[in-house]
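J.: Sharing a structure below in structure tokens format, with a few things to ask.
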Amino acid sequence: MDALELRRFDPGALVRVRGGFHRVGDPLRRPLQIPQTIAAPIGTLADKARLARLIIDVRRHRVRDLLRRPDVTTAQRLADVGFSSRMIESFWQPLFAGIQLDPSLEVSSRRFDVILRMLVIGATGVPRLGMGAIAAQLASTLPEEAVRLDARVVRVDASGATLADGERVDARAVVVATEGPAAHRLLGERVPDPGSRAAACCWFAATSPPVRGRTLILDGERSGPAKNLAVMSEVSESYAPPGRALVAAAVPGRDALDPTITDRVRDQLARWFGSTTSDWEHLRTDVIAHGQPAQGPPFAPKRRVALGDGLFVCGDHRDTASTQGAMYSGERTAAAVLAALDAGVC
């Protein structure tokens, strides 16, 4: 973790609502921002009090306890707490649409509670040199010839894998480490298709930051497909050269698959920041059809990774739909493979 040199976002967010940007802070970690949070037009004063109580609630419960709670959709959970529709639409929906890739808030309330706990206890951060640093760190520990690219696997069994060109790769243990739909294609009903939630990210180079600070910006007025935005070069200075700013606009859900998504996001940001966006350079738009598995209620993490006969599976669809969940399932799978090899069962 130290080698990644994490750069952290500030707690809380800026919410775009009623034509302006309003600060919503963490009342426990940023008490000086409480007046701004109270004044933000995202809900009633009672909503702000419910927000504080909910934060206190998830902080004082362990993750295992949160995962034992009755499971409903996130939308139902927020309604049960008593949040007004304005608070849900202006704050919770854009925040968790970005995290869970689910603008309709159909994801498990257990997942919602666990993620909220992580947000209010820990820090949200990115590697100093970008998310690719995580994969580079993992690859750096492997032998030079250990990783092959552009080698599509079409079939796996207990003794190895068959590639699209017909080549056979033999192995004592086979681990399928893919997104859920691909794991289902290779392993059949042993790994049911978990469904997918799409995501897109539009990247722009600006001559100056449209907002200053290491903050997440939420679309609280439902003005376009981008639900949240960040100036990534404000979070980590290495994300852009001097005199430039890197802006990332995230689009969760079905809108991500719209071929006109870049133009729609440009129009949205022009309404937010005015004519300055006309000089922004569109760098690229990343579209990920299988951004996360769909994890609605009932949510049960730690799904089995050892399938028998020398076959194993890992990925975020075996744990929580997150980078953390993917890595944790990989750790569980590695332990299962080593145990099976030591026992001579594969």
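Numbering-wise, the working numbering puts 211 at position 63 of the sequence shown, and it's gapless, one number per residue.
C-beta: ideal position from N, C-alpha, C; glycine also.
Here the structure is a predicted model, which means the values were calculated and not measured.
#1: Which complete alpha helix (DSSP H) runs does the stretch 170-218 hold, if anything under 4 residues is left out?
#2: Would you identify the three-state DSSP class for residue 246, choosing helix, strand or coil?
#3: Residue 420 by DSSP, collapsed to three states: which one?
#4: If you drop the 5 nearest sequence neighbours on each side, which residues of the same chain put their C-beta closer than 6 Å to that of residue 237?
#5: Given this structure, state the Cα-to-Cα distance separating residue 189 from residue 196, to the nearest angstrom.
#6: Let's test the definition: count the other Cβ atoms within 10 Å of the Cβ of residue 472 and tell me whether it reaches 16, buried, or not, exposed.
#7: Return the first residue and the last residue of the beta strand (DSSP E) that residue 344 is part of.
#8: Checking the sheet assignment: what are the DSSP bridge partners for residue 318?
#9: Contact between the stretch 393-405 and the stretch 345-353 is defined here as three or more beta-carbon pairs at a separation below 8 Å; is this criterion met?
#10: Compare the C-alpha of residue 234 against each of 428, 436, 367, 422 and name the closest.
#11: Are residue 492 and residue 306 close, meaning C-beta to C-beta below 9 Å?
#12: Between residue 254 and residue 291, what straight-line distance do the alpha-carbon atoms span, to the nearest angstrom?
#13: Since residue 364 and residue 161 should fall inside the 8 Å C-beta cutoff, what is the C-beta to C-beta distance between them, to a whole number of angstroms?
#14: At which residues does the alpha helix (DSSP H) containing residue 223 begin and terminate?
#15: Residues in the same chain with beta-carbon distance under 6 Å from residue 454, minus the five sequence neighbours each way, listed in chain order, please.
#16: Label residue 407 either buried or exposed according to how many other C-beta atoms from any shown protein chain fall within 10 Å of its C-beta, with 16 as the threshold for buried.
#17: Going by DSSP in three states, residue 268 sits in which element: helix, strand or coil?
#18: Just the C-alpha distance for residue 275 and residue 440, rounded to the nearest angstrom, thanks.
#19: Whole angstroms is fine: what's the gap from residue 445's alpha carbon to residue 331's?
#20: Any chance you could list the beta strand (DSSP E) runs of at least 3 consecutive residues sitting entirely within the stretch 391-473, in chain order?
#21: Would you decide whether residue 180 is buried or exposed? Buried here means 16 or more other CB atoms lie within 10 Å of its CB.
#22: Within the same chain, show all residues whose beta-carbon is closer than 6 Å to that of residue 220, passing over the 5 residues directly before and after it, in chain order.
#23: Check this for me: beta carbons of residue 312 and residue 299, under 9 Å apart or not?
#24: Smallest Cα separation from residue 450: which of 438, 463, 170?
#25: Which value, in whole angstroms, describes the spacing of the CA atoms of residue 354 and residue 163?
#26: If contacts are defined as beta-carbon pairs under 8 Å, then residue 133 and residue 177 qualify, I think. What distance do you get, rounded to the angstrom?
#27: Between residue 382 and residue 412, how many whole angstroms is the CB-CB distance? I'm expecting something under 8 Å.
#28: Assuming contact is defined by CB atoms lying nearer than 9 Å, are residue 469 and residue 443 in contact in what I supplied?
#29: In three-state DSSP terms, what is residue 297?
#30: One question on the structure: do residue 172 and residue 261 come within less than 9 Å of each other, judged by their Cβ atoms?
#31: Given a threshold of 16 other Cβ atoms within 10 Å of its Cβ, counted over all protein chains shown, does residue 183 qualify as buried or as exposed?
#32: Just mark residue 304 as buried or exposed, buried being the case when its beta carbon has 16 or more other beta carbons within 10 Å.
#33: If you reduce the DSSP assignment to three classes, tell me which class residue 359 lands in.
#34: Taking C-alpha atoms, which residue in 267, 223, 282 lies nearest to residue 150?
#35: Assign residue 333 to one of three DSSP states: helix, strand, or coil.
#36: Determine the contact status of residue 371 and residue 424, defining contact as a CB-CB distance below 9 Å.
T.: Considering the structure as presented:
#1: DSSP assignment within the stretch 170-218 yields the following whole alpha helix (DSSP H) runs of 4 residues or more, N-terminal first: 182-187, 193-207, 211-214.
#2: The count along the sequence shown starts at 1 and reaches residue 246 at position 98. Correct three-state label for residue 246: helix.
#3: Counting from 1 along the sequence shown, the entry for residue 420 is found at position 272. Of the three classes helix, strand and coil, the one that applies to residue 420 here is helix, per DSSP.
#4: Mapped onto the sequence shown, residue 237 falls at position 89. Nothing listed; no residue qualifies.
#5: Translated into positions along the sequence shown, residue 189 becomes position 41. Translated into positions along the sequence shown, residue 196 becomes position 48. Cα to Cα, the separation comes out at about 10 Å.
#6: Working through the sequence shown from its first residue, we reach residue 472 at position 324. Exposed.
#7: Here the question's residue 344 lines up with position 196 in the sequence shown. Note, residue 344: beta strand (DSSP E), 344-354.
#8: Stepping through the sequence shown from its first residue, residue 318 is reached at position 170. DSSP lists 308 as the beta-bridge partner residues of residue 318.
#9: Yes, since at least three Cβ pairs between the stretch 393-405 and the stretch 345-353 fall closer than 8 Å, the two stretches touch.
#10: One-based indexing of the sequence shown puts residue 234 at position 86. If we check each option's Cα against that of residue 234, 367 comes out closest.
#11: Translated into positions along the sequence shown, residue 492 becomes position 344. Translated into positions along the sequence shown, residue 306 becomes position 158. Their beta carbons are not under 9 Å apart, which means residue 492 does not touch residue 306 by this criterion.
#12: Counting from one through the sequence shown, the residue named residue 254 turns up at place 106. Counting from one through the sequence shown, the residue named residue 291 turns up at place 143. Between the alpha carbons of residue 254 and residue 291 lies a gap of roughly 43 Å.
#13: The residue you call residue 364 lines up with position 216 of the sequence shown. The residue you call residue 161 lines up with position 13 of the sequence shown. Their Cβ separation, rounded to whole angstroms, is 5 Å, which keeps residue 364 and residue 161 in contact under 8 Å.
#14: Stepping through the sequence shown from its first residue, residue 223 is reached at position 75. 222-229 is the span of the alpha helix (DSSP H), which, as asked, contains residue 223.
#15: Reading the sequence shown from its first residue, position 306 is the one you call residue 454. Only 460, 484 meet the Cβ criterion.
#16: Within the sequence shown, residue 407 is the residue found at index 259, counting from 1. Counting other Cβ atoms within 10 Å of its Cβ, residue 407 stays below 16 and is therefore classed as exposed.
#17: For the purposes of this step, residue 268 is taken as the residue at position 120 of the sequence shown. Three-state result, residue 268: helix.
#18: Along the sequence shown, read from residue 1 onward, the residue named residue 275 stands at position 127. Along the sequence shown, read from residue 1 onward, the residue named residue 440 stands at position 292. About 21 Å.
#19: Your numbering for residue 445 matches position 297 in the sequence shown. Your numbering for residue 331 matches position 183 in the sequence shown. Residue 445 and residue 331 have their C-alpha atoms roughly 21 Å apart.
#20: 393-400, 429-441, 454-456, 459-462, all fully within the stretch 391-473.
#21: In the sequence shown, the residue the question calls residue 180 occupies position 32. Of the residues assessed, residue 180 falls on the exposed side of the cut-off, its CB having fewer than 16 other CB atoms within 10 angstroms.
#22: For the purposes of this step, residue 220 is identified with residue 72 of the sequence shown, where counting begins at 1. In the same chain as residue 220, and ignoring 5 residues on each side of it, the C-beta atoms closer than 6 Å to its own belong to 257, 445, in chain order.
#23: The residue given as residue 312 occupies position 164 in the sequence shown. The residue given as residue 299 occupies position 151 in the sequence shown. In this structure, the beta-carbon distance from residue 312 to residue 299 falls below 9 Å.
#24: Looking up residue 450 in the sequence shown gives position 302. Checking every option, the nearest Cα to that of residue 450 belongs to 463.
#25: The residue given as residue 354 occupies position 206 in the sequence shown. The residue given as residue 163 occupies position 15 in the sequence shown. Those two C-alpha atoms are separated by around 21 Å.
#26: A query on residue 133 cannot be resolved here, the shown segment of the chain reaching from 149 to 494 and no further.
#27: For the purposes of this step, residue 382 is identified with residue 234 of the sequence shown, where counting begins at 1. For the purposes of this step, residue 412 is identified with residue 264 of the sequence shown, where counting begins at 1. With 8 Å as the limit, residue 382 and residue 412 do not qualify as a contact, their Cβ atoms being about 24 Å apart.
#28: What you label residue 469 is simply residue 321 of the sequence shown in a count that begins at 1. What you label residue 443 is simply residue 295 of the sequence shown in a count that begins at 1. One thing to note: residue 469 has its Cβ within 9 Å of the Cβ of residue 443.
#29: Mapped onto the sequence shown, residue 297 falls at position 149. Correct three-state label for residue 297: coil.
#30: By one-based count along the sequence shown, residue 172 stands at place 24. By one-based count along the sequence shown, residue 261 stands at place 113. The criterion of a C-beta distance shorter than 9 Å is not satisfied by residue 172 and residue 261.
#31: Numbered from 1 along the sequence shown, position 35 holds the residue referred to as residue 183. Residue environment for residue 183: exposed (fewer than 16 other C-beta atoms within 10 angstroms of its C-beta).
#32: In the sequence shown, counting from the first residue as 1, residue 304 sits at position 156. Burial call: buried.
#33: Mapped onto the sequence shown, residue 359 falls at position 211. It is coil, neither helix nor strand.
#34: Within the sequence shown, the letter at position 2 stands for residue 150. Nearest of 267, 223, 282 to residue 150, Cα basis: 282.
#35: By 1-based counting over the sequence shown, the position of residue 333 is 185. Three-state DSSP puts residue 333 in a helix.
#36: Working through the sequence shown from its first residue, we reach residue 371 at position 223. Working through the sequence shown from its first residue, we reach residue 424 at position 276. No. Outside cutoff.
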